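**Q**
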Amino acid sequence: MGSGAITIVLIFLLLFVSWQTIYAANRDLARAKAWGDLARKALPFLALLLMVLSLFVLQSFGQGQALLAWMAASAVFIIGASFLSASSLERSANRAFRRGDYARAVELYEKLVEEKPLARNEAFLGAALGASERYEESVEASTQAIKEDPEYGLAYYNRALVLQRMGKKSRAVKDLEKAQETDLPRRFRSASRRMLDELS
């Protein structure tokens, strides 16, 4: 197999893995038929795909300045696509949550839920409410997320954390077990298993 064929195989492998990663993190959007949101989350993948396809065109122009211009344009395009993959409201809410400004995060997630009543937005609201020690409201938001999408594992995980803080161990264990059966992201799946071991 020549070096050109190896390059093509590696490129398609990279594209396949990238798409699988994006889809795995956003299955809930497909279940909710939120195609616009799923397309938005796929923007970095599409930017990468365009970059790869343009690489074949670039090869016919040679090296030097064209290669540098292509690299710069690709970098700008990928960064822009990553920036556009979430709405400004979603980015602001996530930023507030990461900074520990939970009151602001709750406010922004409430707006996000009003705009787009998706399970993920309800679950994020539940997490922010739980971090704000507004436990009853957190359980309600997580329960609403589960009603919207019973396969959205993060809602079960968030609710289990809050139920544990409320001293409702048996309900927390049930939610953690259910979270293991859903599309819970890998890092939360292992945290969920550890928590189950501690509570059992």
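Using this note's numbering, you'd call the opening residue of the sequence shown number 22 and step up by one each time. Glycine included, each C-beta is placed from N, C-alpha and C at the ideal position. Keep in mind it's a predicted model, so treat the numbers as computed, not measured.
What is the residue span of the alpha helix (DSSP H) that Gly188 lies within?
**A** Unbroken run through Gly188: none, as it is neither H nor E.
**Q** CB Ala144 to CB Ser163, shorter than 8 Å?
**A** Yes, the Cβ-Cβ distance between Ala144 and Ser163 is below 8 Å.
**Q** Which full runs of the alpha helix (DSSP H) of 4+ residues lie inside the region 131-192, going along the chain?
**A** Whole alpha helix (DSSP H) segments, 4+ residues: 140-152, 156-169 and 174-186.
**Q** Round the Cβ separation of Ala102 and Leu67 to the nearest angstrom and send it over; I've been treating them as touching at under 8 Å.
**A** The pair is a contact, with the Cβ atoms about 7 Å apart (cut-off 8 Å).
**Q** By DSSP, does Pro65 sit in helix, in strand, or in coil?
**A** It is helical.
**Q** Rounded to the nearest angstrom, what separates Phe77 and Ile29 at their Cα positions?
**A** Approximately 10 Å, taken between the alpha carbons.
**Q** What is the DSSP secondary structure of Asp122, reduced to helix, strand or coil?
**A** Residue state, collapsed to three classes: coil.
**Q** Are three or more beta carbon pairs between the region 199-215 and the region 169-177 nearer than 8 Å?
**A** Short answer: they touch.
**Q** Out of curiosity, what's the CA-to-CA distance linking Phe209 and Gln165?
**A** One C-alpha to the other measures close to 20 Å.
**Q** How is the alpha helix (DSSP H) around Gly101 delimited, first residue to last?
**A** Run containing Gly101: Gln86 to Leu105, per the alpha helix (DSSP H) assignment.
**Q** Taking just the CA atoms, how far does Leu70 sit from Leu197?
**A** For Leu197 and Leu70, the distance between alpha carbons rounds to 37 Å.
**Q** Measuring CA to CA, which of Ile99, Arg214 and Ala140 is closest to Arg52?
**A** Looking at the Cα atoms, Ala140 is the closest of the given residues.
**Q** Our contact map puts Tyr123 next to Asn142 with C-beta atoms below 8 Å; I'd like the distance itself, whole angstroms only.
**A** No, Tyr123 and Asn142 are not in contact; Cβ-Cβ is about 16 Å, not under 8 Å.
**Q** For Arg112, tell me which candidate among Ala148, Leu133, Ala93 and Val73 has the shortest Cα-Cα distance.
**A** Of the listed residues, the one whose Cα sits closest to Arg112 is Leu133.
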